[in-house]
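A short worksheet on the structure shown next.
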Amino acid sequence: MDPHMDDQRMGRDEVIKGTDDDAIISKLSAVNLGYLDDPFVKHFVKRPSRRPPLINRGSYLRTRSLDTFAENFIRSGSVHSDGAKPGSSQTSGQTKKQIVSLGCGSDTRYFKLKTKGLTVHKYFEIDFQESTAKKAVVIKKNKAFTDVIADPDLKLGLGGTELYAKDYCLLSGDLREFTEVIVPKLMAQGFDTSLPTLFLSECVLIYIQPRDSDRIVEWVGTNMSASLFVLYEQINPTDAFGAMMLRNLRARRIELPGIHAYPSLKSQEERFTSRGWLAAKAIDMNNLHSSLTEGEMKRISGLEIFDEVEEWQMLASHYCVAWAYHVREDPRPAWDRQQMIKLLTLAVSG
Ligand SMILES: C[S@@+](CC[C@H](N)C(=O)[O-])C[C@H]1O[C@@H](n2cnc3c(N)ncnc32)[C@H](O)[C@@H]1O
331 MDPHMDDQRM GRDEVIKGTD DDAIISKLSA VNLGYLDDPF VKHFVKRPSR RPPLINRGSY
391 LRTRSLDTFA ENFIRSGSVH SDGAKPGSSQ TSGQTKKQIV SLGCGSDTRY FKLKTKGLTV
451 HKYFEIDFQE STAKKAVVIK KNKAFTDVIA DPDLKLGLGG TELYAKDYCL LSGDLREFTE
511 VIVPKLMAQG FDTSLPTLFL SECVLIYIQP RDSDRIVEWV GTNMSASLFV LYEQINPTDA
571 FGAMMLRNLR ARRIELPGIH AYPSLKSQEE RFTSRGWLAA KAIDMNNLHS SLTEGEMKRI
631 SGLEIFDEVE EWQMLASHYC VAWAYHVRED PRPAWDRQQM IKLLTLAVSG
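Residue numbering for the sequence shown follows this note's numbering, starting at 331 and increasing by one per position.
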């Protein structure tokens, strides 16, 4: 490769890694104001900063909606496999499940879920090596995290850039090398393509060229017996607000290559359905906002003055959450396919 191109790509990657700092500072701002309850976030922020009400409400909705998908996925019940032996994990109790967080950054969802008693067989987190190295240090040195992992065999690996525990793995790698590098790493840590698995991409695939993010979606749809994919990212790049949003990001050297390939709710659904996924749906943040209960709306309205209603609606129409699920025709092991579809439908309907 041209060394100049290499430098350019490394420079762009540095900026992309930095987007996590912004996300976690905004999340802490929402926690400190009472929008979110998360005792883990503060450990990742050196210099807290209060964000404006618009950003706080956005962080709250984004986190809450992905939390809800994860919680519903874990709670969505059991599916028996036709060939399961009596007493096996598929005939008694909960079906084993996995979660894979793509581009996890400093996200704390594993810790929040486990604190609530919501566990999965394995929770995998993946990010660039520099990002996982920072995260691994914070987790390993802090009792608040190691108590939740609760595994005396918790180990640091690959020069301190990865963490391995019984139900939690933090793995380093570039998602653009998903099939060649990430999948073998997952497999080496006990990832099981036959288990129902939730893939999360919270403001991540949008930073990756569509040919690379499409490869991830295709690999999951083709190789997993049963999968649910939930993503959160920007849309509508071409109206006046969208163009301004891209200009502002570009001023910070941030590009969103994915937004042009998937610019609308319809195209977000089609990125899955055109690849054979069984069902897909995308909604914008206005829709999420109006689905809050009256009680919750009252609660958050009392947290700080919020009078930028028009700006909010504009901003909220430029962010979406999209989800899709797929169950292979020939799931391995021989799950009851209809039951599995029911489980995933439950996970997305709440
Ligand atoms: C905006 S942050 C979001 C972090 C986290 N998902 C959250 O919502 O709090 C984007 C994350 O994606 C990661 N990321 C982007 N492109 C990546 C790639 N090609 N390989 C691995 N990680 C990537 C970045 O390093 C960063 O941590």
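Ideal Cβ positions, reconstructed from N, Cα and C, are used throughout, including at glycine.
The structure displayed is predicted, hence computed values, not measured ones.
Short Cβ contact (7 Å threshold) for LEU501 with GLU492: yes
Where does ILE635 land, buried or exposed, given buried means 16+ other C-beta within 10 angstroms? exposed
Can the beta-carbon of PHE559 be found closer than 7 Å to that of PHE521? no
Under DSSP, the beta strand (DSSP E) around GLU455 begins and ends at which residues? 452-457
What whole-angstrom Cβ distance do LYS442 and PHE370 have, given they're in contact under 8 Å? 7 Å
Extent of the continuous alpha helix (DSSP H) run through LEU528: Where LEU528 is concerned, there is no enclosing alpha helix (DSSP H), although the beta strand (DSSP E) it sits in stretches over 527-532.
Euclidean distance between Cα positions of ASP666 and VAL409: 7 Å
Please find out if some non-hydrogen atom of ligand 1 comes closer than 6 Å to the beta-carbon of ARG506. yes
Which same chain residues, not among the five before or five after GLU599, have their C-beta less than 8 Å away from its C-beta? ALA610, LYS611, ALA612, ALA652 and ALA654
With distance defined between alpha-carbon atoms, name the residue in TYR649, LYS596, GLY606 and ASP351 nearest to HIS619. TYR649
Using only the heavy atoms of ligand 1, determine whether one of them is closer than 6 Å to the beta carbon of PHE454. no
Suppose the cutoff is 6 Å on Cβ atoms and the five residues either side in sequence are ignored; what does the same chain contact list for LYS496 look like? ASP481
Rounded straight-line distance, which links the Cα of VAL678 to that of GLU563: 18 Å
Could you give the first and the last residue of the continuous alpha helix (DSSP H) run that contains HIS590? 587-591
Give me whichever residues DSSP pairs with GLU563 in a beta bridge. CYS650
How is the alpha helix (DSSP H) around TYR390 delimited, first residue to last? 383-405
Within this structure, are the beta carbons of ASP337 and GLY435 separated by less than 7 Å? no
Just tell me which of THR552, GLN519, SER557 and LEU366 has its CA closest to the CA of MET670. SER557
Would you grab the beta carbon distance between ARG381 and SER395 for me? Rounded to a whole angstrom, and I think it's under 8 Å. Not really, about 18 Å apart at Cβ, beyond 8 Å.
Please state whether DSSP places SER555 in a helix, a strand or coil. coil
Secondary structure at TRP665, three-state DSSP: helix, strand or coil? strand
Distance, LEU486 Cα to LYS473 Cα: 15 Å
For GLN424, collect the residues of the same chain with a Cβ closer than 7 Å to its Cβ; drop the 5 residues on either side in sequence, then sort them by chain order. SER408
Nearest to SER379 by CA position, among ASP569, LEU363, ASN553 and LEU586, is which residue? LEU363
Any heavy atom of ligand 1 closer than 6 Å to the CB of LYS347? yes
Residue environment, TYR353, which counts as buried when at least 16 other CB atoms sit within 10 Å: What sits at residue 353 in the sequence shown is Ala, not Tyr. The residue is buried, with at least 16 neighbouring Cβ atoms inside 10 Å.
Proximity winner among TYR365, ARG439 and THR462, relative to GLY489 (alpha-carbon distances): THR462
Which same chain residues, not among the five before or five after LEU595, have their C-beta less than 8 Å away from its C-beta? ILE565, ALA612, ILE613, ASP614, CYS650 and ALA652
Quick one: what's got a C-beta closer than 8 Å to THR476's C-beta in the same chain, skipping five residues either side? ILE469, LYS470 and LEU484
Confirm the yes/no value for this check: CB of ALA700, any heavy atom of ligand 1, distance under 6 Å. The question about residue 700 has no answer here: the residues shown for the chain are numbered 331 through 680.
Cβ of GLY489 versus every heavy atom of ligand 3: is any distance shorter than 6 Å? The ligand content of the structure shown is limited to ligand 1, which means ligand 3 is not among them.
Quick one: measure Cβ to Cβ for LYS347 and SER389, integer angstroms, because I've assumed they're closer than 8 Å. With 8 Å as the limit, LYS347 and SER389 do not qualify as a contact, their Cβ atoms being about 19 Å apart.
If you measure from the CB of CYS499, is any heavy atom of ligand 1 nearer than 6 Å? no
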